[in-house]
Structures are given as C-alpha cells and as structure tokens.
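Working notes, structure below.
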Amino acid sequence: MIDSTVSFGMHQLSAWFCEEQELLGSIRINTDNIRDEIGRMRAFLMVVDEREDTHPQLREWAKQVRDIAYDVEAVMDKFMLRFADNHGDRNCGCLGRVYVSVKNLRCRHQFASEVRDLQSRLKSISEGHKRYRDICSAVSQRTSSSGFADGTWYDSRGDALLLEEAEVVGIESPKRQLIEWLCSSCNYGLRVISVVGTGGSGKTTLVRKVYDDAVVKMHFDSHVWMLFSHSFNLEEFLRKMIRRLVGEINQPLPQGLDAMDADEMKEFIYQFLQRRMYVIVLDDVWSLNAWEAIRYAFPRTGTYGFVIITTRFHSIGHAASIECNGHVYNLEPLSQEESKTLFCRKAFLGGSCPTYLEDIAAIVLKKCEGLPLAIVVIGSLLATKNNSTEEWNKFDRSLGDELEGDHLRRMTKLLSLSYYNLPHYLKPCFLYFSIFPENFRIYKTKLIRLWVAEGFVYPKEGKTMEEVAEDYVKELLDRSLIQVAETTNYGRPIRVRVHDLLRMIILTKSKEQNFVTIGSGGDTRWPNKSRRVAIHRSIGNTEDIKGCDQLRSLLVLDSVHALSKRNLSKLLSAGSSPLKVLELKGALADKIPDHVFRLHLLTYLGLKNTMVETIPKSIAKLRSLETLDLRCTKVTELPIEILKLRRLRHLLVYNYKQSRGCRPFEDVQSFKAPYKIGRLSALQNLSDIEATQAGEDSTIVRRWES
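Dropping the structure here:
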C-alpha cells in the first residue's frame with residue numbers, strides 16, 4: 001500500500017506550485033520540473049494506492065516521496081510565516097505581489113537554495129520512480145472500479161444516516177436464551193453471564209438488544225452499561241459506575257466521591273446494590289485482571305443480581321461465569337443462510353442476489369466466515385461496484401491467499417480491504433479517526449470542521465467545503481467504516497465513531513505513514529517529523545516536542561486529566577509555528593497563551609471548556625483563522641479586531657448559565673459581538689449572539705434573510 005498522505009500531499013503541493021508560479025519565477029529557478037514531477041508521482045500513486053500487497057521496494061519509495069512532500073510543505077510554510085505580517089490575505093495572486101515588494105534578499109536566496117535542494121532530491125526520487133514503476137507494471141493497467149467518479153453513488157443509500165445495528169439477522173434465538181437466564185431464575189445471589197465471540201461477531205449488538213428489552217427493564221431496579229477500554233483505570237471506572245447508578249434514580253452523588261479510593265467506591269457500590277435487583281453490563285472486557293479488580297463490588301448474597309460480560313477471550317468468560325454459577329454463551333458465526341440474508345441487504349440494498357453472481361457471492365461469503373462485521377463491510381463495499389462477474393471476480397482475487405491463514409489475520413485482511421478501496425480523498429479522512437481515543441464518539445460537525453481545517457476537503461462547484469465534507473461522512477457511513485453513535489429525534493447523526501477492529505487497523509496504518517503521534521503518558525516518544533500530535537493522557541516530556549518542526553496539528557483530547565498551564569506553555573513554545581490546528585478543549589487556561597498569536601497559519605482554534613475570559617486585540621494576527629470555538633468559556637464579548645479575520649467561517653461563543661458544563665437546551669448565555677459582524681462574508685456559523693443586538697445590526701439581518 002502506498003500511503004494516502006503521500007497522494008494527498010502531492011495534490012496540495014502541485015496546486016500550490018501552480019498557484020504561486022508568478023512568485024516563484026522571480027527567484028530564477030525552474031519550478032516547472034518540480035511541479036511536473038510531483039504531478040507524475042501523484043498520478044502513479046493514485047493507481048498503486050489500491051494495492052494491499054505492495055512490493056517492499058515500492059513502500060520504501062513511497063516513504064521517500066512522503067518525506068520530500070513533508071519537506072516541501074515545510075518550506076512552503078516557512079515562506080508563508082516569513083511574510084505573514086506583510087499581507088492581509090493569502091488568496092491566489094496576492095503572494096506574488098507581496099513578495100516582489102519584499103526587500104529581504106537574504107531570505108529570498110535562502111528560499112531559492114532550499115527549493116533547489118528539493119529539485120535535486122526530486123530528481124533522485126524520480127529515477128527510483130522509474131525503476132519501481134516497472135515492478136508494478138501490471139498495476140498500471142488497472143482502472144479504478146470504485147463507481148464513485150461522479151460523486152453521487154451514495155445518494156440512493158441515504159438510509160445509512162439513520163441509526164441502525166447493521167440489520168442483524170439470526171439474533172432472536174440467542175436473545176430469547178439470555179432473557180430466559182436473566183428473568184426466569186428463582187435463586188438469589190450474583191450470577192454472571194458471559195457472551196464470548198470473535199471481534200465483529202455481534203456480541204455487543206446482541207447484549208444491547210437484551211439490555212434494552214422491555215421485559216428486562218421491568219424486571220430489574222438498576223441497569224448500568226459499562227464499556228471497558230484497553231487502558232483500564234480502576235478508579236475512573238468505579239467512579240463512572242457510581243455516577244450512573246445514582247443518576248438512574250436521580251439521587252445526589254455521595255459526598256467526596258472524587259476523593260474516594262477504589263476500596264471505598266467498591267464498598268459504596270456493594271451497599272447500593274445490596275438493596276436492589278440489578279443487571280450490569282461489562283462490555284468488551286479485555287483482561288481477567290480487570291474483572292478480578294471489580295468483582296467484589298457486586299453483592300453475592302441477599303439480592304438478585306446479574307452481571308453480563310462481553311469478551312473475545314474464552315478464558316475470561318469461563319472464569320467469571322463458573323465462579324458465580326452463571327452461564328457462558330458462545331456466540332457462533334452466522335449460518336450460511338443468515339450470512340446470505342445479511343450480505344444481500346448490504347450488497348444489493350435489500351434485494352436478492354442476481355443468479356449470475358450467486359457463485360462468486362458464495363465464495364466471498366465463505367471468506368467472511370459468518371462474521372457480521374466482515375459481511376456488512378464487504379457487502380457495503382461491493383454495493384459500490386458494478387454488478388458484473390468480472391468486477392466481482394477481480395475483487396475476490398484481491399483478497400489473496402493470506403485469507404487461508406490465521407483467523408485474526410484473515411479478519412484484519414477483510415476489514416483492511418475497505419480501506420484500500422477508499423477513494424484517495426477519503427483515506428486521510430478515515431485515518432483521522434486514529435487520532436481519537438478508543439470508543440471516542442466525535443460530534444459530526446466538529447469532525448467536519450477539523451477535516452476542512454486540515455485541508456482534507458476538496459472544493460466542489462456549487463457546494464461549501466462543509467457540504468462536501470458532509471458528503472464524505474455519508475460515504476464512510478454507507479461503506480460501514482464508521483458508525484452512528486448518537487442521533488437527533490429525527491434519526492440524523494449527531495456523533496459518529498469507528499468500530500474498535502477498524503480502529504486497530506487504521507492505528508497501524510497511521511503509524512506506518514507518520515500520520516499522527518499519540519501522547520498517552522509520560523514516556524511518549526515524539527518522532528522528529530511528527531505531523532500531528534494527539535494527547536490522550538497527561539504527558540510529562542513536552543520538551544521533546546521541540547524537535548517536531550513540522551508539527552501541523554496539536555489536539556488535546558484528555559477529558560479526565562486537563563492539560564496544565566505549564567505543559568500548555570511548553571507545548572506551544574516547542575517549535576509549533578507552522579501549526580494549523582490547535583484543539584485545547586478543557587485545558588487549564590484562563591487566557592489565551594501569547595504564543596498562540598504567533599501562529600500565523602492557524603486555521604482552527606478550539607478553546608471549549610476552558611476558563612478563558614477575554615479575547616485580546618491580538619486575535620487580529622490570526623488572519624488564516626477559519627474556526628474559533630469559545631463554547632463554555634467565560635467569554636461574553638469580542639473585540640472589534642475580530643472583524644479583521646476575513647476567512648472566519650465558524651464563530652462559536654455561547655455558554656450555559658448556572659451550569660457546570662455544556663448541557664443542551666438550558667438557559668443559553670449569548671455573547672456581545674462587534675457591530676457589523678455580518679460583514680464577515682465567509683461566516684457560516686455564528687452562535688449565539690444577543691437577540692437585541694442581532695435586530696439592531698443590519699448586516700446580521702441581511703445575512704439571515706439571504
């Protein structure tokens with residue numbers, strides 16, 4: 001596989017060189033060769049990007065191309081930063097006029113020297129390209145068969161936007177069995193039901209159907225669903241369980257909950273459940289030690305209680321259930337007939353399989369081995385292709401002989417196929433889910449704004465960038481690569497997530513491509529050429545980020561351990577001038593750090609849930625800013641200088657009165673915007689402005705009427 005970041009980067013670089021030809025020509029260097037060679041590389045990469053069995057030499061060549069693509073962008077950004085204070089807009093054509101007026105010859109010569117060096121490296125890589133092209137000569141004759149060239153293939157499948165559990169088949173029998181175990185027992189005490197099965201077999205879906213069943217809801221007093229993660233933290237887990245237990249009956253939290261240790265919290269849970277009939281789901285348990293750590297929180301005598309465990313590990317399921325006189329339900333793969341039913345729902349939009357495709361469909365289904373997730377993903381993928389035996393046979397051949405090996409490897413291979421078959425513009429968007437923590441449910445609107453800020457979204461005539469990105473979300477949903485995690489009352493998605501199996505796959509690919517570095521503790525190692533850094537847990541070695549001179553995105557996603565002022569200052573002073581995306585949600589900051597206003601390329605600034613009170617006049621320096629998220633801060637007024645941000649598209653500045661956090665539809669506190677805020681012609685999202693001010697400002701009224 002040739003990584004998607006290379007192909008995408010080549011597109012951006014080619015466009016930049018073409019756009020700034022007037023400027024670069026003044027340096028008396030031949031940029032035509034750079035632009036043309038980048039174009040040839042990009043075309044070749046888009047052809048071989050569909051292959052999953054890439055030759056090792058080709059992978060090495062792709063790495064070289066990726067490195068030079070990053071270096072070219074670094075030179076571009078250095079140039080932009082050097083002259084950021086000398087122009088008001090970087091739109092097409094402006095840079096040429098600006099540069100001609102600049103008298104700094106030393107900088108011009110330095111830039112020329114760096115571009116010449118890039119030319120030399122490109123020439124060397126180009127020679128390698130010719131050699132490696134011969135290796136993949138057979139690939140070059142392949143044509144894209146994805147069926148998405150016109151960008152409309154998914155419109156007829158808009159129902160994928162509605163929340164569904166993959167139209168599960170064959171679930172009624174196991175559901176009846178589990179409900180019988182739960183509701184027909186006459187014995188008091190703790191019993192554990194373990195549902196065991198391979199990843200993607202439908203364990204969570206089955207248990208969710210049981211958990212939500214009306215009979216089960218009526219039978220028990222307390223119902224709690226707890227999701228495990230690989231980075232299991234006992235104290236955090238118990239604290240969350242207590243909140244859900246007491247929250248279900250609208251009781252206040254116990255005093256000093258945040259200060260309780262694990263033993264105290266287990267004692268509280270024990271006493272709470274001692275008086276109640278309860279069912280607690282522990283979803284996706286990965287470690288027997290995790291179960292051992294919490295099992296004594298559940299009363300074993302004197303009450304009627306059930307714990308349902310879902311796990312991929314037979315040892316965990318048997319150990320937990322046998323100890324508590326429970327049951328183990330081994331979730332078997334779907335039968336051949338059930339698999340075919342589910343497959344046809346996805347591959348033929350609920351219709352039946354054409355007779356001439358039945359043989360090849362049976363071959364594909366056999367390789368799915370009855371795993372619902374694999375069937376859904378592959379079926380959705382085949383729905384995007386032409387229903388011809390040639391297309392389907394070509395697809396089948398691409399699975400390769402590796403499917404006959406280890407079961408997990410076969411599953412990974414199947415799921416990876418959907419990634420390989422993504423169009424080039426969707427691959428970085430899908431890889432972006434590797435940035436977020438496990439089981440993370442991201443708001444769709446925020447995801448769209450981040451994609452746009454990262455530059456992943458290609459312009460499309462007649463649509464805004466956000467509308468194009470919305471189409472990208474639809475495509476990923478229709479391909480069953482991401483899931484709807486929350487919807488509106490009308491069934492439209494609010495939040496989305498990626499299945500844990502798919503997340504494992506894209507984490508591996510993300511690491512291969514140096515797409516993102518995850519900061520998950522004090523021992524995190526920061527590669528010198530990290531492009532993106534996502535902080536999942538508090539980190540101590542922020543000094544090491546100083547070597548990341550190509551850092552473009554910094555996202556703080558730790559909702560439990562907020563980033564301290566000290567570490568925040570270190571992060572922002574660690575060579576982060578080229579930053580374009582800065583997400584600091586929940587950081588312990590009462591003002592915007594001064595260093596932020598030196599990030600002249602910044603397009604996205606997220607300060608939600610911080611203690612920031614004022615926006616200084618220096619906000620005007622961030623002329624590239626497109627998104628400013630100040631929700632749930634203490635900001636109530638914006639300076640007049642905000643009107644200088646001509647590229648601003650999303651201005652979010654609202655809070656909730658008398659509330660500890662953001663809770664929808666409660667006493668929204670609006671903000672006072674500068675007069676003539678409506679003159680920001682790029683503005684698409686403005687919330688929430690004082691109503692009286694909106695009525696007085698004619699520019700706002702006109703924007704609303706249009």
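Numbering (full-length UniProt numbering), first residue to last: 1 to 706.
A virtual CB, placed ideally from N, CA and C, is assigned to each residue, including glycine.
Within 10 angstroms of the Cβ of Ser321, are there 16 or more other Cβ atoms? Answer buried if so, exposed if not. buried
Exposed or buried, which one is residue 710 when buried takes at least 16 other CB atoms within 10 Å? Because the chain here runs from 1 to 706, residue 710 falls outside it and cannot be looked at.
Only counting the same chain, and skipping five residues up and downstream in sequence, which positions put a Cβ closer than 6 Å to that of Val279? By the criterion of a C-beta distance shorter than 6 Å, Val279 is surrounded in its chain by Phe220, His223, Phe306, once the five residues flanking it on both sides are discounted.
Three or more C-beta pairs closer than 8 Å, one from the region 355–367 and one from the region 230–247: is that the case here? no
Are the region 202–214 and the region 271–286 touching, with three or more C-beta to C-beta distances below 8 Å? Taking one beta carbon from each stretch, the region 202–214 and the region 271–286 have 3 or more pairs nearer than 8 Å; the two touch.
In whole angstroms, what is the alpha-carbon distance linking Leu381 and Gln251? Going from the Cα of Leu381 to the Cα of Gln251 covers about 48 Å.
Specify, as a first and last residue, the run of the beta strand (DSSP E) that Arg191 falls within. Element bounds for Arg191: 189–196.
Test item: CB-CB of Ser339 and Cys368 under 8 Å: yes
Which runs of the beta strand (DSSP E) spanning at least 3 residues fall entirely within the region 223–263, listed in chain order? none
Who are Arg495's beta bridge partners in DSSP? The partner list for Arg495 (beta bridge, DSSP) reads Tyr443, Glu486.
Name the one or two DSSP bridge partners that Asp283 has. Leu227
What do you reckon, are the CB atoms on Arg647 and Leu630 nearer than 8 Å? no
C-alpha distance - Glu475 paired with Phe298, whole-angstrom precision: 44 Å
Cβ separation of Arg121 and Ile68, assumed to be a contact under 8 Å, to the nearest whole Å: With a Cβ gap of about 5 Å, Arg121 and Ile68 count as contacting.
Rounded to the nearest angstrom, what separates Trp286 and Arg66 at their Cα positions? 36 Å
Cut-off 7 Å between Cβ atoms - residues of its own chain near Phe430, not counting five sequence neighbours on either side: Tyr419, Leu422, Leu476, Leu481, Ile506
How far does the alpha helix (DSSP H) with Ile378 in it reach, from first residue to last? 372–382
Count the other CB atoms within 10 Å of the CB of Glu248; is the residue buried (16 or more) or exposed (fewer)? exposed
Reference Trp451; option with closest CA among Lys463, Met226, Tyr425: It is Tyr425 whose Cα lies nearest to the Cα of Trp451.
I believe Val484 touches Val468 by the beta-carbon criterion, under 8 Å. Please report the beta-carbon distance rounded to the nearest angstrom. That belief does not hold up - the Cβ atoms of Val484 and Val468 are roughly 20 Å apart, past 8 Å.
For the beta strand (DSSP E) containing Gly326, name the first residue and the last one. Premise fails: Gly326 is in no beta strand (DSSP E) and is neither H nor E.
8 Å Cβ shell around Val246 - same chain, five flanking residues per side excluded: Pro252, Leu253, Pro254, Phe272
Do you know offhand how far Thr412's Cα is from Ile435's? 20 Å
Hey, quick one: how far does the beta strand (DSSP E) through Thr627 stretch, first residue to last? 627–629
Whether Val581 touches Arg552 by CB criterion (8 Å): yes
Glu267, buried or exposed, once every other Cβ within 10 Å from all chains shown has been counted against 16: exposed
Looking at the structure shown, is Lys175 part of a helix, part of a strand, or coil, going by DSSP? Here Lys175 sits in helix by DSSP.
His600 in three-state terms, based on DSSP: coil
Roughly how many angstroms lie between the CA atoms of His499 and Asn439, to the nearest whole one? 8 Å
In the structure shown, what three-state DSSP assignment does Tyr654 receive? coil
Rounded to a whole number of angstroms, what is the C-alpha to C-alpha distance between Glu182 and Arg243? Correcting the residue identity first, residue 182 is Leu in this sequence and not Glu. Leu182 and Arg243: Cα-Cα distance of roughly 24 Å.
List the residues that DSSP assigns as beta-bridge partners of Thr517. Its beta-bridge partners are Val533.
Cβ pair Val196, Gly326 closer than 8 Å: no
For Tyr270 and Phe456, the rounded distance between their alpha carbons: 50 Å
Reducing DSSP to helix, strand and coil, say where Phe306 ends up. strand
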